[in-house]
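In the numbering used here, the protein residues as written are 3 to 163. Step one of this worksheet: look at the structure below.
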Amino acid sequence: MVQAKFARVDGRLIHGQVATGWSNSVGINNIYIVDNPTAKDDFMKMIYTNLQKTYSFGIKVFTVDEVVKEWNETEFGKDKVMLLFKDVEHAYETRNAGVPFDVLNMGGSPKTKDNKFVADSVALTEEQLNKLNTLASEHGMEIFFQTMPSSGKKKLSEVKY
């Protein structure tokens, strides 16, 4: 089955680690940002899509519904896709809506008053951790915490709240 080559949750979306480290290591030619607020903000959408002029890959910005429609209509065509989510909720919703991806990398996720650090640079709520565990158990997804391809990898099973 065709599917996204890689999926990542990163609160900063596109930045140096994503643009150089992950994009090169997983062999993609497009990053699909899946984030409802960003896709509905014309200014932010323009900023992200204009970044593709700087990099060796394309950038498209979708709502969850739009990326599901793109998958259903084209199975992403010839694009070798990295799905990039700002938060666990968008990854969870996208996978449960039928867009297939078997691996989810947890990158940076900011600390707030409502969450706590569960791995290097990744702060989650208990509900978000439960959603990750559900994705792993219901979809057989490999979920891991790793900031860069060259850094240490922590499995979801090693994370406790």
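Every residue gets a Cβ at the ideal spot worked out from N, C-alpha and C, and that includes glycine.
Select from the options the residue whose C-alpha is nearest the C-alpha of residue i.
| i | options | result |
| --- | --- | --- |
| residue 126 | 83, 78, 135 and 111 | 111 |
| residue 139 | 158, 89, 100 and 124 | 158 |
| residue 92 | 66, 26 and 49 | 66 |
| residue 161 | 108, 76 and 115 | 108 |
| residue 61 | 121, 82 and 70 | 82 |
| residue 23 | 89, 129 and 84 | 84 |
| residue 32 | 90, 114, 128 and 55 | 55 |
| residue 14 | 76, 134 and 123 | 123 |
| residue 29 | 38, 9, 42 and 39 | 9 |
| residue 181 | 152, 150, 7 and 156 | Residue 181 lies beyond the range of the chain shown here (3 to 163); nothing can be said about it. |
| residue 146 | 101, 120 and 102 | 120 |
| residue 152 | 115, 19 and 72 | 19 |
| residue 94 | 27, 156, 135 and 21 | 135 |
| residue 100 | 89, 53, 74 and 115 | 74 |
How many whole angstroms separate the CB atoms of residue i and residue j, which I take to be in contact at a CB cut-off of 8 Å?
| i | j | result |
| --- | --- | --- |
| residue 63 | residue 47 | 5 Å |
| residue 148 | residue 142 | Between residue 142 and residue 148 the Cβ distance is about 19 Å, and since that is not below 8 Å, they are no contact. |
| residue 131 | residue 16 | Contact flag wrong, Cβ pair sits at about 25 Å. |
| residue 96 | residue 69 | 6 Å |
What would DSSP say about residue i, mapped onto helix, strand or coil?
| i | result |
| --- | --- |
| residue 134 | helix |
| residue 55 | helix |
| residue 143 | coil |
| residue 111 | strand |
| residue 99 | coil |
| residue 106 | strand |
| residue 156 | strand |
| residue 120 | strand |
| residue 163 | coil |
| residue 78 | coil |
Run the CB neighbour count on residue i, radius 10 Å, all protein chains shown included, and call it buried at 16 or more, exposed below.
| i | result |
| --- | --- |
| residue 34 | buried |
| residue 176 | No statement about residue 176 is possible, as the shown extent of the chain runs from 3 to 163 and does not include it. |
| residue 58 | exposed |
| residue 40 | buried |
| residue 49 | exposed |
| residue 163 | exposed |
| residue 25 | buried |
So if DSSP puts residue i in a beta bridge, which residue, or which two residues, is it bridged to?
| i | result |
| --- | --- |
| residue 60 | 32 |
| residue 85 | 9 and 34 |
| residue 15 | For residue 15, which the question treats as bridged, DSSP gives no partner whatsoever. |
| residue 21 | DSSP, once it has assigned bridges, lists no residue as partnering residue 21. |
| residue 125 | 119 |
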